[in-house]
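Worksheet: the structure to be examined is printed underneath.
Residue numbers (the working numbering): 395 to 676.
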């Protein structure tokens, strides 16, 4: 049966700008349409990239030329030379930035910390301990990524689109989704996602950066990750921020727990970068 795609609505869906009913229908379509999911992943990547581009002021000469052109619309059908030059420079700068980004693949910096535990970290640790003790109450139990993403978006207003539904072949037998629930951090909603990587439990908590009083630092064109080790229990806690969201991940995975990041990162080159990152000591 012919089914209309939702490509034209994906940007609004990604930005949480659709009415609730329409957003739910788009989410249902995405659950069964790999083509639209791939399109959404590309849109999400483009948005994250655009958010990292630093703002730059155009030269005064460009604004003067634009104003003059608007004041004299009948004198010429063509843009002044200064505007064309300015536009060309702007395009060149964006192209250079994109080339730099794609070449370096968003540099990663992992630093060990012994500072105070953040509120989001505290939630992730508490939820993980309850999970290990068999006391956690998942509000949704599922191994279906599409269903989990839809539930997180509808229940918390936090998009889970950063978790790809189409997985690489190497994830078969390694990654297993368990469930999700909501928690409170600084009076705001956080989503807690439980999964396993190589049979090791991993608990991920996420909330909006703007809702946290002690949100992690977000650096332009790089990802700053904070790592702490609970030597008594052997748990690794990894915290970072990207776009408008903060994350805290708890596990006992090898290294600094990096393979837990493969939930969201499926590109081979990105996985290699994550896996090879060295932990810096302060």
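We put the CB at the ideal spot given by N, CA and C, even for glycine. Predicted, not measured: the structure shown is a model, and the values here were computed from it.
- Counting only residues of its own chain and dropping the five nearest sequence neighbours on each side, residue 532 has a CB closer than 8 Å to the CB of 572, 573, 574, 575, 588.
- With the rule of 3 Cβ pairs closer than 8 Å, the region 502-519 counts as touching the region 594-603.
- In this structure, residue 660 keeps its C-beta atom at 8 Å or more from the C-beta atom of residue 544.
- Annotated as distal: residue 547 and residue 583, with beta-carbon spacing of 8 Å or more.
- Annotated as distal: residue 534 and residue 658, with beta-carbon spacing of 8 Å or more.
- In the same chain as residue 524, and ignoring 5 residues on each side of it, the C-beta atoms closer than 8 Å to its own belong to 530, in chain order.
- Take the alpha-carbon of residue 425 and the one of residue 676: they are about 44 Å apart.
- In this structure, the straight-line span from the alpha carbon of residue 635 to that of residue 553 is close to 14 Å.
- By the criterion of a C-beta distance shorter than 6 Å, residue 642 is surrounded in its chain by 514, 515, 518, 599, 633, once the five residues flanking it on both sides are discounted.
- Under DSSP, the beta-bridge partners assigned to residue 634 are 641.
- Exposure of residue 422 is indicated by the presence of fewer than 16 other C-beta atoms within 10 angstroms of its C-beta.
- Secondary structure within the region 403-432: the alpha helix (DSSP H) runs of 4 or more consecutive residues, fully enclosed, are 404-408, 414-426 (chain order).
- With 16 or more neighbouring CB atoms inside 10 Å of its own CB, residue 521 falls in the buried class.
- Beyond the five residues adjoining it in sequence on each side, residue 437 comes within less than 7 Å, by CB distance, of 404, 405, 408 in the same chain, given in chain order.
- Under DSSP, residue 587 takes part in a beta bridge, and its partners are 574, 598.
- Leaving aside the five residues that flank residue 501 on each side, the residues in its chain whose CB is nearer than 7 Å to its CB run, in chain order, 616.
- Per DSSP, reduced to three states, the secondary structure at residue 542 is helical.
- Rounded to whole angstroms, the Cβ separation of residue 646 and residue 672 is 20 Å, and the two are not in contact under 8 Å.
- Note on residue 555: 16 or more other CB atoms within 10 angstroms of its CB, so buried under the neighbour-count rule.
- DSSP lists 629 as the beta-bridge partner residues of residue 624.
- Of the residues assessed, residue 644 falls on the buried side of the cut-off, its CB having 16 or more other CB atoms within 10 angstroms.
- Annotation for residue 586: 521, 575, 577, 599 place their beta carbon closer than 6 Å to its own, counting only its chain and skipping 5 residues before and after.
- Look at residue 534 here: in three-state DSSP terms it is strand.
- Taking every protein chain shown into account, the CB of residue 654 has 16 or more other CB atoms within 10 angstroms, so this residue is buried.
- By the neighbour-count criterion, in which 16 or more other beta carbons inside 10 Å mark a residue as buried, residue 401 falls on the exposed side.
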